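Structure, as structure tokens:
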Amino acid sequence: MDGEMAHCGLIPAFGIARPVSSQLEIGECLALATEWVKECSEKNHSCGQPTESNLPTRVVDVGQIDTDIVYLHETQDSDRGRYMTLSHCWGKERIITTTTGTLQERKAGVKLSQLSKTFRQAVQITRGLGIRYLWIDSLCIIQDDILDWEVESAKMAQVYMSSQLNLAATHSSSGKEGCFGERRSLDTLNQTELNVGEDVAIEPSDETEGNYKIFYRHALHVAHDHFTRAMDYAHTIEDLSPLLSRAWVFQERLLSPRTLHFHAEELIWECASGISCECSRLQNHKWGDPDGLLEQRKVDQLKMMYSSVTAPETIGPQVLDTWLEFVTEYCKLKLTKQIDRLPALSGLASRVARRLPSSEYLAGLWSQDLPRALCWQIQRPYENQHLGFRDAHPGAPSWSWASIWNHNQEAPYATYGLVQTRGFVADSRCRIQSFHNSPSTANLFGICRTALLRVQAPLIEATLLVTEEDVNEEGNLRNLRITNISNGDAVSCLLLAHFKLSDRDWMGQYPSQHLTRKQKLESEESSSQLLGAYALVIQKVDDGSTYRRLGLLVHRKGGGWWEDAPVALVTLI
């Protein structure tokens, strides 16, 4: 709507919004970004002031606006300054990187023409905002130097937390698409003329009758939904915001104090306090504001949870609950290299570790949260799959959710959803006797070389039974949330805990029972009809007491199976 109508009283069907051009230009971007940065630094105390900080190991020196060359700058420990970061999809096309062989070339200078479109435009924005340095992962980490990659990935939390502003090429699936793209649904800006008189429910501010122009366009609801609902990145529409489906970006978004998203529909500003958008519909929308514009929607609770994790008043159990929320969302996301499952969350883990000083990080689990943290399960069955979901060397033990590799969007993924909704009461006989964790890299929160758990708990033997209904047309097992197991195989079930049953549990909402106890009981009913049971399905890997995890058994008949079971000490790998 034009300036003349800016202060009109409008009929409910209309709203006042900022114009959004069909093609974003650098000038518009810089003007809006400058406005948001100023407003955030002056009004949002929880975001912190964008001040100088220690520079990362390497940064791109973007130089002056009128130069066509940038430099990779290696910093000293005492170097301080202001810098920005870039979140982007690498894509299938080859992009410029720094390797041991090209390090000196990058330091000598890189022409803008050598950079991808996304990198060039990120340099433009950084220059336009008066910032000298820009951190880009592919250029600032030596990609073929394993030690450098490990050391720098361990610093990821500090890199993003200390940045002035994180630029997110949210709509781009590769470097060739850039930050400034043609807007979805904004190919034309429509307008109509309205004669304002006695019969029209619009009152001009100057009380003058006559013709007024009203501009209209498609509502930008998709962008708004992506940033005001829970971080359900897995269901993000691929052609609108592919960046949000990437696992690495999960922690980048949470750790950055301020992020400017280049969405397919409009610019979105996100900071620790809330969100704003280019069309102004979400202007100053605060996280969790009960009186906010979108009070009927499920706002992004994970962003609020991250803020609470860093708050000194948050106690350990709350931090652990939040971590389970993080993992449940994170496991839905995509990785090009599945071995990065733990490294891509290591920055966030290092921040959470500060709030759990008495807890040890064990391949994505916290020792303080055992045995509950062992009770993750698979969100969907292994349809048409039997053996392939775990690679030979997943970089995590079988009892960690990080051992589940989802190679495609249809693959299973780990979740703590059941524990979060049903609760968890540890069995009195279950004890974590000891644990051992040996990272294989310089990143303490990264890939594991060895990780062992010694658990003492009631243990029974069971057998997998398969019916015709469990086999699909290809002859593969379906509806199973455990794998690497065949019909008739012997397994063991290690009782961990109980949960309260609801009416829905008795109505058979869980998958049909596939395991049967080897030693039959006179009665399999639990002494308490109010409790269900969580048990790990495990299988021996040697002649001793070493086992690997196959899955989680959710038993609706409580602990009846284990009432007379011997308590065993097992080692899980």
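For the sequence shown, the numbering used here assigns the number 21 to the initial residue and increments by one for each residue that follows. Glycine is no exception: its CB is placed at the ideal position from the N, C-alpha and C atoms. This one's a predicted model, so the numbers in the text were calculated from it and none came from an experiment.
Cβ atoms of Leu287 and His108 stay farther apart than 8 Å, at about 16 Å. Taking all protein chains in view, the Cβ of Leu44 is crowded by 16 or more other Cβ atoms within 10 Å, so the residue is classified as buried. By the CB criterion at 8 Å, Val511 and Val557 fall inside the cutoff. DSSP places Cys109 in the coil class of the three-state scheme, outside both helix and strand. The beta-carbon distance between Leu275 and Leu368, rounded to whole angstroms, is 7 Å. This is short enough to meet the 8 Å contact definition. For Trp268, the CB contacts under 6 Å within the same chain, skipping 5 residues up- and downstream, are Ala364 in chain order.
Fully enclosed alpha helix (DSSP H) runs of no fewer than 4 residues occupy 176–181 of the region 171–206, in order along the chain.
Non-local C-beta neighbours of Ile161 in its own chain, meaning closer than 8 Å and more than five positions away in sequence, comprise Arg78, Thr118, Asp168, Trp169, Glu172 and Ser173, ordered along the chain. Leaving aside the five residues that flank Trp110 on each side, the residues in its chain whose CB is nearer than 8 Å to its CB run, in chain order, Ser158, Ser194, Gly195 and Thr356. Straight across, the Cα-Cα distance linking Cys299 with Leu280 is about 14 Å. Residue state for Cys291 is assigned as strand, using DSSP reduced to three classes.
Inter-segment contact for the region 131–151 and the region 79–94 is present: three or more beta-carbon pairs are separated by less than 8 Å.
Taking all protein chains shown into account, Asn74 has fewer than 16 neighbouring C-beta atoms within 10 Å of its C-beta and is therefore exposed.
As computed with DSSP, Thr566 is found in a beta bridge with Thr591. Per the coordinates, the alpha-carbon of Ile593 lies some 11 Å from the alpha-carbon of Cys468. Comparing alpha-carbon positions, the option among Leu515, Val590 and Ser366 lying closest to Val179 turns out to be Ser366. Trp425 and Gln358 do touch by the CB rule: their CB atoms are close to 4 Å apart, below 8 Å. Out of Glu55, Leu376, Ala555 and Ile151, the CA that lies nearest to the CA of Arg100 is found in Ile151. Ranked by how close their Cα comes to the Cα of Arg114, the residues Ser136, Pro332 and Gln453 have Ser136 in first place.
Just so you know, the alpha carbons of Ile295 and Trp289 end up roughly 5 Å apart.
According to the DSSP assignment, Tyr436 belongs to no alpha helix (DSSP H), since it is labelled neither H nor E. When DSSP states are grouped into helix, strand and coil, Lys520 belongs to the strand group.
Counting only runs of at least 4 residues, the region 329–394 fully encloses the following alpha helix (DSSP H) elements, listed from N- to C-terminal order: 336–350 and 366–375.
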